[in-house]
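Take 57 as the starting number for the sequence shown in my numbering and just add one per residue.
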Amino acid sequence: MRVDLVIQPHLAAAEMAELGRLAERYGISGVWVSNHLDGRDPFVNFVPLAEGTQRLRLGPTALSPYEEHPMQMAKLLMTLNEISGGRAQVAVGGGGGTIDSMGMKPERMVRTVRECLEILRLAKSGGRMAYEGEVFQVRGLDTGWAKAPPPAVFGAANGEQMLRMSARYADGIMTSDFTPVRLRWARAIIDPVREEIAGDAATFPLINFWACHIKETREEAMAEARLYLMARGTIWAPYIHDVVSAEEAAVVARHYPAFVRAYRKTSDIAGPPRELVDKIVERGVTACAAHEIDSQIERFREMRAAGATGIALCLYNDPADAIRVIGEHLVPALKDV
C-alpha cells in the first residue's frame with residue numbers, strides 16, 4: 057500500500073525540502089501540498105524539494121481549472137516534472153473554498169474538470185497540441201521540450217459523477233476522508249469504467265486523503281484534530297452518516313457555524329457535545345499518541361481491503377515528528393498490504 061504525505065502549503069521552500077528529504081529516507085512514496093488560500097505557489101515551492109530528492113513523487117492537491125487555466129496548469133506541471141526527472145503529480149478537482157473566495161459560481165463542474173484532464177493528458181504526451189472543448193480551447197501549446205517520463209494526473213473526486221468521469225480520464229483518483237464503507241462505494245463506481253476501457257480495475261490507483269494527528273499524548277492529538285475538523289468532509293453530509301447515527305448527524309448539522317468559528321482558532325467547539333465531536337474524530341481521522349500508532353495499522357489495512365491503493369496522510373503542526381513515526385511504523389507495516 058502506497059503511503060504519501062500532505063504537507064501544509066504555507067511552509068517555506070527550504071522547510072518543505074527538508075521534510076521531503078526526511079520522508080524519502082523513510083520510504084514514503086510521495087509528498088503532496090494542499091491548495092489553500094494561505095499557501096505559497098505549490099509548483100515554485102516544490103523546486104528545491106525536486107532538486108534535493110531522487111525518488112519522491114511531488115505535487116499539489118487539489119488544483120481547480122476555475123482558478124488556473126488548463127494550459128497554464130499544463131506548463132507548470134510539465135516544468136516541475138522536468139526538474140524532478142519525471143516525478144511530478146497533480147490532483148485536479150472542482151475547487152471548493154478557493155473558487156468561493158474568488159466569488160465564482162462554477163457551472164458544469166464535471167465537464168470543466170474533464171476538459172482540464174484531457175488537456176493535461178495531451179500536454180504530457182509531448183509535442184504541439186490543439187484542443188477544442190465546450191469550456192476550454194487551447195491552440196499552439198507545445199511541450200516537445202519535455203524529455204522526462206510523464207507526470208501522474210489524478211482526479212480529485214468524491215461525488216459519483218466526478219468519480220465516474222475521473223475513472224475514464226485520469227491516471228488515478230484521490231478521494232478525501234473516505235471510510236472503508238465509502239471506499240467500497242467508490243470502487244463500485246470506478247471499477248466498471250476501468251474494466252470497460254482498460255481492464256485494469258484491480259490496479260487503478262485510488263489514494264485516500266486522510267487527516268493524521270500524531271502527538272506525544274492522545275489528548276494533544278485529539279485537540280489538534282478538533283482544531284482542524286471543519287475542513288474535514290467527515291462533518292458534512294453525506295459523509296457524516298458514515299461515522300455517526302442519523303440523530304447525531306442532525307446535531308452536528310445544527311452546529312455547523314460552531315465548527316466554522318473554531319477552525320484553526322480553538323479546539324473547544326462550542327455547542328455540540330464533546331463526546332460527539334470526539335466520536336467524529338476517532339472515526340473520521342487518525343488522532344493518537346506516537347506510542348499508539350500501531351493501533352492505526354488495522355484501519356489502513358481495512359482501507360486497502362476496501363479498494364484504496366494508497367493513503368495520503370495530511371500532517372499539521374510539527375510534521376517532522378509525525379514523519380518519523382509514520383516512517384518507522386506505518387510504512388513497513390503497509391508495504392506489502
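Backbone N, C-alpha and C define an ideal beta-carbon position, used for all residues, glycine too. All values derive from a computational prediction rather than experimental measurement.
Collapsed DSSP secondary structure at W201 in the structure displayed: coil
T290 burial status per 10 Å Cβ neighbour count (16 or more: buried): buried
Residue interval of the beta strand (DSSP E) (run including M185): 184-188
Contacting residues, own chain, Cβ-Cβ under 8 Å from I263 (five flanking each side not counted): R58, D60, F210, G228, I229, M230, T231, A364, T365, G366, I367, A368
Under 7 Å between C-beta atoms of H66 and D94: yes
Cross-strand partners of I270 (DSSP beta bridge): C344
Distance CB(T154)-CB(E123) smaller than 7 Å: yes
Paired residues, beta bridge with S232 - DSSP: F265
DSSP state of Q145 mapped onto helix, strand, coil: strand
Top-ranked residue by Cα proximity to R355, from A345, V341, A378: V341
Contact under 7 Å by Cβ, V89 with A79: no
Coarse secondary structure for F99, derived from DSSP in three states: helix
Spatial neighbours of Y225 in its chain, beta-carbon cut-off 8 Å, leaving aside the 5 residues before and after: R170, L173, E174, R177, G211
Range of the contiguous alpha helix (DSSP H) that encloses G86: Counting along the chain, G86 falls outside any alpha helix (DSSP H), though it belongs to the beta strand (DSSP E) covering 86-90.
Contact belief for T117 with A147 at Cβ below 8 Å, rounded distance in angstroms: 4 Å
DSSP three-state assignment for T117, whether helix, strand or coil: strand
Three CB pairs or more closer than 8 Å across the segment 241-256 and the segment 277-287: no
Residue of L197, R81, A343, F99 minimising C-alpha distance to A144: F99
Beta bridge counterpart(s) of D60 as assigned by DSSP: G86, A368
Under 7 Å between C-beta atoms of V387 and A346: no
As assigned by DSSP and simplified to three states, the class of V194: strand
Identified DSSP bridge partners for V209: V146
Supposed close pair C370, A242 - CB separation, criterion 8 Å: Incorrect: roughly 19 Å between the Cβ atoms, too far for contact.
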